[in-house]
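*Asks:*
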Amino acid sequence: MIDFTGMNIAMASGKGGTGKTTVAVNFAWLLASAGQRVQYLDCDVEEPNGHIFLKPSITESAPSKVMVPVVDQEKCTSCGECGLKCQFHAIVNLPGDTLIFPGLCHSCGLCSAVCPTGAITEGDREIGIIEKGKGTKDMDFIHGILNVGEAMAVPLIKKVKNGQKDSYVHIIDAPPGTSCPVVATLNGSDAVIMVTEPTPFGLHDLKIAIDVARLLNIPTGVVINRDQGSYPPLSDYLEAAGVPVLAVIPEDADIARHYSQGSIILESLPHYIDVYETLAANFEKFLDTHNVHAGRMRS
Amino acid sequence: MKEIVVVSGKGGTGKTSVVASLACLIDRKAMVDCDVDAANLALVLNPRIIEEKEFAAGKKARIISEKCTTCGICRDMCRFDAISEDFIIDPVACEGCGACFFYCPAFAVEFETPIAGHCYICDTPAGDPFVYAELSPGEENSGKLVTMVRTEAKAQAERAGLSRILIDGPPGIGCPVISSITGTSLALIVTEPTASGIHDLERIAQLARHFSLPAAVIINKSDINPACTESIEQYCSEKSIALLGRLPYEKAISEAQRQGKAIVEYAPDLPVSKALRGISEQIISIYKE
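As given, the protein sequences belong to chains G and E, one line each in that order. Numbering-wise (numbering that gives the first Met the number 0), the first sequence opens with residue 0 and increments by one. Numbering-wise (numbering that gives the first Met the number 0), the second sequence opens with residue 0 and increments by one.
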């Protein structure tokens, strides 16, 4: 196995529940068992699950804040400039009062810049917490937990990624879907492993997720999970799209049972180590074909 | 108008498969797919598109290089690192705040609203209206597109004289989920008896409470971990969340999906289909309440 140190390897899927976290956790476990320094970054801040399997002891926990405007009503002349310029409808100007809707604010800073009387300063608002620690196999662990009721996941995802350490291989667990939280997660990754299942739902969402990876110019391979034999629509699509299959994991009630208990599959069912070693070997070849090496793309 | 929204927190617990079956078992309703990132309900409802509408929300900035004097003010103003050293705006990083547009002294920034997705108003073989959408890959504003599909579905329901709306929600607890659940009458949570399933159930149940929305639970694949199923039932009774039923794990659901059918159509005699019929009766009475 090559040394993956410095690489950012993201796990995504489009559809939820295809096994992103399972593959991420077990692939991370395999690399850590081979003596590589692994950092696990759980970017599914809405529903983070990596910790259930890696069982990290949390050593650092800090609230994560974003900038929100604060209006000094004494200085405010109700000119309406801030509300007019704000693209996110986060400011409403009433005669004698300027209302801020923090949940809609993108922290762009435009309102404080345009205010002619300096009535707007920058305060902050907590959107979630960032926790760091050490998980099984001495893996470095970081995740973000979005506050319940908070709409904006992207700033918290960016904070998780800011916790990235040099001289580690980074395994990045993405949220489901194909919109801004996924883009924020995948952006800057060296390669993405899409975990899919051979069903119409799985395939439909995989196609969109692969389009997102292409938009971001990130080489993409696929792991087929819960395989039940041939599913021509998936194999035909992958062939036409030129996306390689890196590993195939069969449908197995034992995997489902151990997963349900929060176990690492490679610990409970060691005969699956072969499958993950195949994944690592195919991934290595895949990186070679795309000329991708440690932490950046070779030009 | 009574809206019931099916959510899960965790993805892949079986929301859409449950909605597909409920769609067969409950008559006279409008249906909406609010998972605008990855809409799957259309794959099993066999809809016919009647009208397609464009979705545009949120502007994007673009620098016209001929007018740009490379003064760098835009790069100083941008908080999203969206403008490169050679003054090209990365459309993926741009959040559309307009700071570059308003502050460019050379008027070199264009600031326009691109098409970010499509909304489809459909008819289904059973005659019920159905609305879904496709957000363009990687786009923002999924919450606004959710609001658009819900508004269109309400209009369709009113036109057809229907008082029930069944919503297939997105996974997670963030922006599109909040847009999907606000103003509905019930959050129907489809969960699974796994450590991740319980963890995510607690967060989506908290979200429903946060918005003072009643919740009810369906435990899917309930036989894969009976101890875990019991913990979920205990959690529901502690939090006064109604448990509408348990569904056994059923391999044939994938096969039904491959044939573009709900499990209750594909194999009506299976235990899972019987359980779904029991659940649908409870939901019909909730709609009537």
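Even glycine gets a Cβ: it sits at the ideal position worked out from N, Cα and C. As the structure is a prediction and not an experimental result, all values here were calculated from the model.
1. Please state whether the Cβ-Cβ distance between isoleucine 120(E) and glutamate 50(E) is less than 8 Å.
2. Sort out for me which residues DSSP pairs methionine 66(G) with in a bridge.
3. With distances taken Cα to Cα, identify the nearest neighbour of valine 69(G) among Phe26(G), Glu121(G), Ala173(G) and Ala33(G).
4. Cβ closer than 9 Å: which chain G residues qualify as neighbours of methionine 76(E)?
5. Going along the chain, which residues of the region 119 to 153 of chain G sit with their C-beta nearer than 8 Å to a C-beta in chain E?
6. Could you check whether the Cβ of aspartate 199(E) sits closer than 8 Å to any Cβ belonging to chain G?
7. Below 8 Å between beta carbons: does that hold for proline 169(E) and aspartate 34(E)?
8. Which residues in chain A sit within 7 Å of valine 182(G), going by Cβ to Cβ distance?
9. With respect to the alpha helix (DSSP H) encompassing histidine 198(E), which residues constitute its N-terminal and C-terminal limits?
10. Please name the residue in His169(G), Pro197(G), Leu53(G) and Pro55(G) whose C-alpha comes closest to that of glycine 187(G).
11. Using a beta-carbon distance cut-off of less than 7 Å, what residues from the region 195 to 209 of chain G approach chain E?
12. Enumerate in chain order the residues of its own chain whose CB-to-CB distance from glutamate 111(E) is below 8 Å, with the five nearest sequence positions on each side excluded.
13. Going by C-alpha distance, which of Phe79(E), Val31(E), Ile166(E) and Gly171(E) is nearest serine 178(G)?
14. Do leucine 165(E) and valine 43(E) have their CB atoms nearer than 8 Å?
15. Would you report the Cα separation of arginine 256(G) and alanine 194(E), rounded to the nearest angstrom?
16. Between isoleucine 207(G) and the rest of its own chain, which residues show a CB-CB distance below 6 Å, the 5 nearest in sequence each way excluded?
17. Find the nearest neighbour of leucine 29(G) within the set Asp41(G), Gly15(G), Gly5(G) and Ile1(G), judged by alpha-carbon distance.
18. Starting from phenylalanine 299(E), follow its DSSP beta bridges and name the residues at the other end.
19. If you reduce the DSSP assignment to three classes, tell me which class serine 298(G) lands in.
20. Give the interface partners of lysine 9(E) over in chain G, defined as CB-CB distance under 7 Å, in chain order.
21. For alanine 241(E) and isoleucine 283(E), I'd like the C-alpha separation in whole angstroms.
22. Following the continuous beta strand (DSSP E) through threonine 177(G), name the residue where it begins and the one where it ends.
23. Against chain E, with Cβ distances strictly below 8 Å, would lysine 64(G) count as a contact?
24. Classify glycine 117(G): buried if its beta carbon has 16 or more other beta carbons within 10 angstroms, exposed otherwise.
25. Once DSSP output is grouped into helix, strand and coil, what is the label at lysine 1(E)?
26. Could you name the residues of the region 217 to 231 of chain E whose beta carbon sits closer than 7 Å to any beta carbon of chain G, in the order they occur along the chain?
27. Around the C-beta of phenylalanine 106(E), are 16 or more other C-beta atoms found within 10 angstroms, so that it is buried, or is it exposed?
28. Step through the CB atoms of chain E and report whether any lies within less than 8 Å of the CB of asparagine 186(G).
29. I need the straight-line Cα distance from leucine 103(G) to glutamate 94(E), nearest angstrom please.
30. Measuring only the C-alpha atoms, how far is proline 269(G) from glutamine 260(G)?
31. Please list the residues of the region 253 to 275 of chain E that have a C-beta atom closer than 8 Å to any C-beta atom in chain G, keeping them in chain order.
32. Output, in sequence order along the chain, the residues in the region 99 to 120 of chain E whose CB is closer than 8 Å to any CB in chain G.
33. Show which residues of chain E have a CB atom less than 8 Å away from the CB atom of threonine 177(G).
34. 8 Å is my cut-off, CB to CB: does tyrosine 167(G) come that close to chain E?
35. Could you round the C-beta distance between cysteine 99(E) and valine 108(E) to whole angstroms and report it? I think they count as a contact, below 8 Å.
36. Can you check DSSP and say which residues form a bridge with phenylalanine 129(E)?
*Replies:* Checking against the coordinates, here is how it stands:
1. yes
2. Asp123(G)
3. Glu121(G)
4. Cys107, Gly108, Leu109 and Ala112
5. Leu145, Val147, Gly148, Glu149, Ala150, Met151 and Ala152
6. yes
7. yes
8. Any reference to chain A falls outside this structure, whose protein chains are G and E.
9. 194 to 209
10. His169(G)
11. Thr198, Pro199, Phe200, His203, Asp204 and Ile207
12. Lys58, Lys59 and Arg61
13. Gly171(E)
14. no
15. 10 Å
16. Gly13 and Thr177
17. Ile1(G)
18. Outside the shown range of chain E (0 to 288) lies residue 299(E), about which nothing can therefore be said.
19. Unreliable positioning characterises serine 298(G) in this predicted model, as indicated by a pLDDT of 31, which lies under 50. The coordinate reading is nonetheless provided below. Coil, per DSSP.
20. Gly15, Gly16 and Glu46
21. 15 Å
22. It is not in any beta strand (DSSP E) - threonine 177(G) carries neither H nor E in the DSSP assignment.
23. no
24. exposed
25. strand
26. Ile223, Asn224 and Cys227
27. exposed
28. yes
29. 13 Å
30. 16 Å
31. Ser253, Gln256, Arg257 and Gly259
32. Phe101 and Tyr102
33. Asp36, Ala37, Leu134, Pro136 and Gly137
34. no
35. 5 Å
36. Met30(E) and Cys121(E)
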